[in-house]
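Step one of this worksheet: look at the structure below.
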Amino acid sequence: MHLPPDDRSGFTPPRPGQVLRLVMPSFVASGALAVAGLVLALAGHKTVGLVLIAVAAVGGLAMRAVLVYRAQLRNRPPDL
Numbered sequence: 595m596h597l598p599p600d601d602r603s604g605f606t607p608p609r610p611g612q613v614l615r616l617v618m619p620s621f622v623a624s625g626a627l628a629v630a631g632l633v634l635a636l637a638g639h640k641t642v643g644l645v646l647i648a649v650a651a652v653g654g655l656a657m658r659a660v661l662v663y664r665a666q667l668r669n670r671p672p673d674l
C-alpha cells in the first residue's frame, strides 16, 4: 500500500522524555496547589480551598496546553 508523501517533511515529533520534561513542572505545581486547596477545604476554609482546587485544575491544564503548543511551534519546519 502506497502512502502519500508527508507534507511536513521537516517535522519530527517530540520523544516521550522531551514531553515529560516539558509538562512535569506544571503538573507538579498544579498538583501541589490542589493538595493545598484540599487541606484548606478540609481544615474549614472551604471557599479558599475550593478556589485553589479550581485554579489548579484549570490553570494546570491551560499551562500544559500552552507549553505543548509552543514546543510544537518550535519544531515546525521553516517553510510552514
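Position one of the sequence shown corresponds to residue 595 (the working numbering), numbered consecutively onward.
Cβ atoms here follow ideal geometry from the backbone N, Cα and C, with glycine treated the same way.
- Rounded to the nearest whole angstrom, the CA to CA distance from Ser620 to Thr606 is 24 angstroms.
- Here Thr606 carries a coil assignment [DSSP, helix/strand/coil].
- In this structure, DSSP gives Ala635 a helical state, which the three-state scheme calls helix.
- Under the Cβ criterion (8 angstroms, minimum of three pairs), the segment 648-663 counts as touching the segment 627-634.
- Across the structure, Gln666 and Gly654 are spaced so that their CA atoms are roughly 18 angstroms apart.
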